Amino acid sequence: MKSLLEKLSLTDVNPGACTGPDGWITDPAGAKLVSRNPATGQPIAAVIQATPAAYERVVQRAVERFQTWRTVPAPKRGQLVRDLGQALRELKEPLGELVTLEMGKIKVEGWGEVQEMVDICDFAVGLSRQLYGVTTHSERPAHRMYEQWHPLGVIGIITAFNFPTAVWSWNAAIAAVCGDTMVWKPSERAPLCAVAVQHITNRVCAEFQPGGLDGLFNLVIGPGATVGERMINDPRLPLVSFTGSVSVGRRAAEAVARRLGRAILELGGNNAILVTEDANLDLAVRAIVFGAVGTAGQRCTTTRRIIVHRSVAADLTARLVRAYRQVRIGDPMRDGVLMGPLVSEEAVARMLAALETIRAEGGEVLIGGRRLPELGPCFVEPTIVRMPRQTPIVCEETFAPILYLIEYETLDQAIAMHSAVPQGLSSAIFTTRLDTAERFLSATGSDCGMANVNVGTSGAEIGLGFGGEKDTGGGRESGSDVWKAYMRRQSNVVNWSPDLPLAQGIEFSG
Ligand code: NAD
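Numbered continuously in the working numbering, the sequence shown closes out at residue 926.
Structure representation (structure tokens):
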């Protein structure tokens, strides 16, 4: 473990605030936060959290750097992000393993998370030459009308524990090419991943420009209730990109709206897969097991509900139970393990409490449902539950590997059930019929931000916008034209005639 930490420049006790190369801040008044390995409960290393004074220094530096970074040509900004992508490529292995160590997802998923960071950097480099605005024709002679996009300012990035590095990069790579600077507050559950990433950005910035380009990528580690609250209430942050639970996201949205700032909200999901009577069950089972068991059920896109046609329910159930028996649970660092621990003992307690409610609401546990103390403090069995109908507990996001099976008879009924939950992130249908697939993707089909056919709910690529509707918050991150959220739009009219004609033909002279 020590050599892993060393490869990422981590020490036993690390500063928790930073303004860039040579900008680490250890405020002696800062409280110590010990990060633990959820697989063993053992400490990994500690961080000294940001105090209000440290927060102030960090935001001030980000504000100052914005004044110059916004004037750097966008393709040149893209070169910095290219360097960042290269540095991440080189450190993919140790950084991915740190994700595993600190958060508990298995090694291949940890590496996948870092690959996603590399991918979004590649995307952002290309984007740096494609920040297009439109031109249109004026009704007035010798006038030119167009829209252009300017950098927005300092972006606040608040992230959840379950993607401790990738979600930052979805925001950071795009914000950097858009000419913004940024301040990142990671989850208290994964502070070391953030410190490691900050070291990488510091090195890249130091090599990019003499003097080190400080103030561009900034870090403040601390509790949501103090540091997070400061960020959502800080008018110097025109945009806050918040990833986390619906309840905290709602609070963040209210605070940002009160000061008329902008928010990108990436909140909880309650994702369903519809399995129709004609579905290829081999494909469906593989997608469901990856979607429900991957990251121990702690992805926002985790498959939580299977809405299956009555005629294939028994077959699908039997196959899923067989597949679940094969899932190797254990130390996520070990090859061949498919499921690691939950992130904390509180998460285990929440899963067990949900199972009590499930039973009280008529659910029947088909496999799993127990904690596994012999493996460590946070291990549980992945669980499949047959529900008589979509009861209240099914409508909640329990952030654990619980998969609900519910039967349907008609497609209309299945789609109605699919949409009858508050969240609207990711969805999928397994079918071999074109008309059924198209219905699911139509305006009267899935109400989610993401809808797939014969592809599961989790494991998105970076090329499209990522996010969801309803209680998921309506935000979009990552690819497509999401960059527009990180810039300000300006509409311009240029008159190159000797006259001053007014729009709508108005004559305004005495
Ligand atoms: P959480 O809401 O507990 O915490 C998220 C972040 O908010 C943390 O950094 C936390 O410190 C901060 N925070 C807490 N209180 C705050 C406050 N008052 N003001 C500002 N910030 C505050 O979520 P979590 O347990 O870390 O993550 C799991 C949740 O995140 C799940 O609901 C999951 O679905 C969701 N999530 C969504 C997406 C998405 O893209 N839609 C991605 C990942 C996770």
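We treat Cβ as the ideally placed atom computed from N, Cα and C, and that holds for glycine. It should be emphasised that the depicted structure is a prediction, and the values quoted were computed from it without experimental measurement.
So what does DSSP say about Val488, is it helix, strand or coil?
Against the sequence shown, residue 488 aligns to sequence position 72. DSSP places Val488 in coil when its eight states are reduced to three.
In angstroms with no decimal places, state the Cα-to-Cα distance between Pro757 and Ala612.
Here residue 757 refers to the residue found at position 341 of the sequence shown. Here residue 612 refers to the residue found at position 196 of the sequence shown. Distance between the alpha carbons of Pro757 and Ala612: 22 angstroms.
Looking at the structure shown, is Gln625 part of a helix, part of a strand, or coil, going by DSSP?
Here residue 625 is taken as the residue at index 209 of the sequence shown, counted from 1. The answer is coil: DSSP assigns Gln625 none of H, G, I, E or B.
According to the Cβ coordinates, are Val691 and Ile723 closer than 9 angstroms?
Within the sequence shown, numbered from 1, the residue matching residue 691 stands at position 275. Within the sequence shown, numbered from 1, the residue matching residue 723 stands at position 307. Yes, the pair counts as a contact, with Cβ atoms nearer than the cut-off.
Does Pro454 come out as helix, strand or coil in the three-state DSSP assignment?
Start at 1 with the first residue of the sequence shown, and residue 454 comes out as number 38. In this structure, Pro454 counts as coil in the three-state DSSP scheme.
Could you spell out where the alpha helix (DSSP H) holding Glu682 opens and where it closes?
Counting from one through the sequence shown, the residue named residue 682 turns up at place 266. Counting along the chain, Glu682 falls outside any alpha helix (DSSP H), though it belongs to the beta strand (DSSP E) covering 678 to 682.
Using alpha carbons as the reference points, say which of Leu517, Phe482, Pro491, Glu532 lies closest to Pro504.
If you number the sequence shown from 1, residue 504 lands on position 88. Sequence check: residue 504 is Leu here, not Pro. Measuring from the Cα of Leu504, the nearest candidate turns out to be Glu532.
Tell me whether Ala765, by its Cβ, gets closer than 8 angstroms to a heavy atom of the ligand NAD.
In the sequence shown, residue 765 corresponds to position 349, counting from 1. Not under cutoff, so the answer is no.
Rounded to whole angstroms, how far is the Cβ of Ser661 from the Cβ of Leu681, which I believe are closer than 8 angstroms?
In the sequence shown, counting from the first residue as 1, residue 661 sits at position 245. In the sequence shown, counting from the first residue as 1, residue 681 sits at position 265. Incorrect: roughly 11 angstroms between the Cβ atoms, too far for contact.
Just tell me which of Thr642, Ile818, Gln806 has its CA closest to the CA of Thr799.
Within the sequence shown, residue 799 is the residue found at index 383, counting from 1. Nearest option by C-alpha distance: Ile818.
When the Cα atoms are used, what is the spatial distance from Val474 to Ile689?
Counting from one through the sequence shown, the residue named residue 474 turns up at place 58. Counting from one through the sequence shown, the residue named residue 689 turns up at place 273. Approximately 44 angstroms between the Cα atoms of the pair.
Looking at Lys601 and Gly644, is the spacing between their C-beta atoms short of 9 angstroms?
Along the sequence shown, one-based indexing puts residue 644 at 228. Along the sequence shown, one-based indexing puts residue 601 at 185. Closer than 9 angstroms, so yes.
Contact the segment 584 to 595 vs the segment 528 to 544: 3+ CB pairs below 8 angstroms:
yes
Report the residue from Phe846, Ala876, Arg556, Glu518 whose alpha carbon sits nearest the alpha carbon of Asp694.
Start at 1 with the first residue of the sequence shown, and residue 694 comes out as number 278. Here the closest residue by C-alpha is Phe846.
Beta bridge counterpart(s) of Pro808 as assigned by DSSP:
Here residue 808 is taken as the residue at index 392 of the sequence shown, counted from 1. Answer is none; Pro808 lacks a bridge partner.
Using a threshold of 8 angstroms, is the CB atom of Ser874 nearer than that to any non-hydrogen atom of the ligand NAD?
Along the sequence shown, read from residue 1 onward, the residue named residue 874 stands at position 458. No, the beta carbon of Ser874 sits no closer than 8 angstroms to any heavy atom of the ligand NAD.
Going by DSSP in three states, Ser663 sits in which element: helix, strand or coil?
Locating residue 663 in the sequence shown gives position 247, counting from the first residue. Ser663: helix per DSSP, three-state reduction.
Suppose the cutoff is 7 angstroms on Cβ atoms and the five residues either side in sequence are ignored; what does the same chain contact list for Gly752 look like?
Position 336 of the sequence shown, counted from the start, is the residue given in the question as residue 752. So the qualifying residues of the chain are Arg744.
C-alpha gap between Leu507 and Leu420, whole angstroms:
The residue given as residue 507 occupies position 91 in the sequence shown. The residue given as residue 420 occupies position 4 in the sequence shown. The straight-line gap from Cα to Cα measures roughly 11 angstroms.
Extent of the continuous alpha helix (DSSP H) run through Phe815
On the sequence shown, residue 815 is found 399 positions in, with the first residue counted as 1. Neither: Phe815 is in no alpha helix (DSSP H) and is coded neither H nor E.
What residues are listed by DSSP as bridge partners for His725?
The residue given as residue 725 occupies position 309 in the sequence shown. BP columns for His725 point to Tyr824.
Unbroken beta strand (DSSP E) runs of length 3 or more, entirely within the segment 455 to 480: which are they?
459 to 464
For a test of the three-state rule: what should DSSP assign to Met767, helix, strand or coil?
Counted from its first residue, the sequence shown places residue 767 at position 351. The answer is helix: DSSP assigns Met767 an H, G or I state.
Neighbourhood of Ala919 by C-beta distance below 8 angstroms, restricted to the same chain and skipping five residues each side:
Numbered from its first residue, the sequence shown carries residue 919 at position 503. Closer than 8 angstroms at Cβ, skipping near neighbours: Glu555, Arg556.
For the alpha helix (DSSP H) containing Pro510, name the first residue and the last one.
By 1-based counting over the sequence shown, the position of residue 510 is 94. First-last of the alpha helix (DSSP H) with Pro510: 508 to 519.
Run of the alpha helix (DSSP H) containing Gln531, from where it starts to where it stops
Locating residue 531 in the sequence shown gives position 115, where the first residue counts as 1. Per DSSP, Gln531 belongs to the alpha helix (DSSP H) from 523 to 543.
Contact set for Pro917: own chain, Cβ-Cβ below 6 angstroms, skip 5 residues either direction:
Within the sequence shown, numbered from 1, the residue matching residue 917 stands at position 501. The answer, listed in chain order, is Arg556.
Rounded to whole angstroms, how far is the Cβ of Gln465 from the Cβ of Ile637, which I believe are closer than 8 angstroms?
The residue labelled residue 465 in the question sits at position 49 within the sequence shown. The residue labelled residue 637 in the question sits at position 221 within the sequence shown. Yes, Gln465 and Ile637 are in contact; Cβ-Cβ is about 5 angstroms, under 8 angstroms.
Candidates Ala576, Gly785, Met561, Cys609: which alpha carbon is nearest Thr427's?
Along the sequence shown, read from residue 1 onward, the residue named residue 427 stands at position 11. Considering only alpha carbons, the answer is Cys609.
Does the structure place the segment 765 to 780 close enough to the segment 800 to 810 that three or more beta carbon pairs sit under 8 angstroms?
yes
Is the Cβ-Cβ distance between Thr516 and Val583 less than 9 angstroms?
Position 100 of the sequence shown, counted from the first residue, corresponds to residue 516. Position 167 of the sequence shown, counted from the first residue, corresponds to residue 583. It is not a contact, given that the beta carbons lie outside the stated cut-off.
The ligand NAD and Leu880: does any heavy atom of the ligand fall closer than 8 angstroms to the residue's C-beta?
One-based indexing of the sequence shown puts residue 880 at position 464. Outside the cutoff, so no.
Please tell me whether Thr717 and Leu841 are closer than 9 angstroms, where the distance is taken between their beta carbons.
Along the sequence shown, read from residue 1 onward, the residue named residue 717 stands at position 301. Along the sequence shown, read from residue 1 onward, the residue named residue 841 stands at position 425. Contact: yes.
Per DSSP, which residues does Phe577 bridge with? Please list them.
The residue labelled residue 577 in the question sits at position 161 within the sequence shown. BP columns for Phe577 are empty, so no partner.
Evaluate Asn587 with the Cβ neighbour count: other Cβ atoms within 10 Å of its Cβ, from every protein chain shown; 16 or more gives buried, anything less gives exposed.
Position 171 of the sequence shown holds residue 587. By the 10 Å Cβ count, Asn587 comes out buried.
Beta-bridge pairing of Gln564 - partner residues as DSSP gives them
In the sequence shown, the residue the question calls residue 564 occupies position 148. Note: Gln564 sits in a beta bridge opposite Gln906.
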